[in-house]
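What follows is a single structure, written as structure tokens, with notes after it.
In our numbering, the protein residues as written are 118 to 450.
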């Protein structure tokens, strides 16, 4: 029995080292096209390795669309883009049935698949569509299938949604409901690049030639990587840190008085699952074979930010959600 376990451990170690080398080449390929967003690239890669979906929050013009296009090329995935607008309908995403008549005059319905039938779907400015259209993605994101006209259609595998959201609140935007926000593994804030990165971007993108992304992985290799991540051992200290962080963010079970006072509701078990997967992916990305408490602290904000909310009184007093997450991180550091 021990020999079998040793063989399995050795095989996992070999596969993990090979994957770490491929991930390094993947980051390099993305970095040749996307400038000054290293932290964003790392967190998006963590999300995809964990098998989840990501919500990118940032003002227009920061390269969010270009990042998704580049990821599709580098990872060898079938990528499609949907621009969310107030008049977008669910059928524009999922597809619709059309009535056809054959040469003999017989009529029948045929389902025409929508853009959701891909491996990497970019939902651009998702908060501009109506709640009815936003909800069309719920089943697809959670179950990787859609139901049309009483029939269920499976989506390709792997399947990931990378949604972008403009943080500027204005007329014509519809905030995502809590149930849908919870489906995103991470919420990533995309900021402005620093001066050096912006200088490099200007020189690289306004000349006669522009760098192009090249394929490094395939969809099958990404699925294998996701399975490998789930086999990574997690130390007991990391498990305890995740539980303490997530349970401590719920007003009902919180120990910190500030959390009890200022939070209206906290993260559910899906947040703990997200941290378990994401910490493993981050460790492997950095060439380590087991996650640490440092990984939990690094990913606490993108995992928790969209899964908890301040009370009305806390918002009126100017309390920030980031302050609550910082207190929670300090309690397990």
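Quick reminder that beta carbons are idealized off the backbone N, C-alpha and C, glycines included.
- C-alpha of residue 207 to C-alpha of residue 372: approximately 43 Å in a straight line.
- Under the rule that a run must span 4 or more residues, the alpha helix (DSSP H) segments found entirely inside the region 344 to 427 read 353 to 365, 374 to 379, 386 to 402 and 410 to 421.
- A buried status is given to residue 210, since no fewer than 16 other beta-carbon atoms sit within 10 Å of its beta-carbon.
- A Cβ-Cβ separation of about 13 Å leaves residue 194 out of contact with residue 147 under the 8 Å criterion.
- Rounded to the nearest angstrom, the Cβ distance from residue 259 to residue 300 is 6 Å, consistent with a contact under 8 Å.
- Contact between residue 214 and residue 266 holds: their C-beta atoms lie close to 5 Å from each other, under 8 Å.
- Distances from the alpha-carbon of residue 302 to those of 443, 398 and 153 put 398 closest.
- Counted as a single uninterrupted DSSP element, the stretch harbouring residue 267 is not any beta strand (DSSP E), since DSSP gives it neither H nor E.
- A distance below 6 Å between beta-carbons, with the five flanking residues on each side excluded, links residue 157 to the following residues of its chain, in chain order: 305 and 307.
- The DSSP assignment places complete beta strand (DSSP E) segments of no fewer than 3 residues inside the region 231 to 259 at 237 to 241, in order along the chain.
- Here residue 152 is not bridged, per DSSP, to any residue.
- Annotation for residue 432: the continuous alpha helix (DSSP H) segment containing it runs 429 to 433.
- The three-state reading of DSSP puts residue 171 in strand, counting E and B together.
- Judged by DSSP in its simplified three-state form, residue 323 adopts coil rather than helix or strand.
- If the five residues before and after residue 247 are omitted, its C-beta is found closer than 7 Å to the C-beta atoms of 203 and 291, all from its own chain and listed in chain order.
- Just so you know, the alpha carbons of residue 309 and residue 318 end up roughly 12 Å apart.
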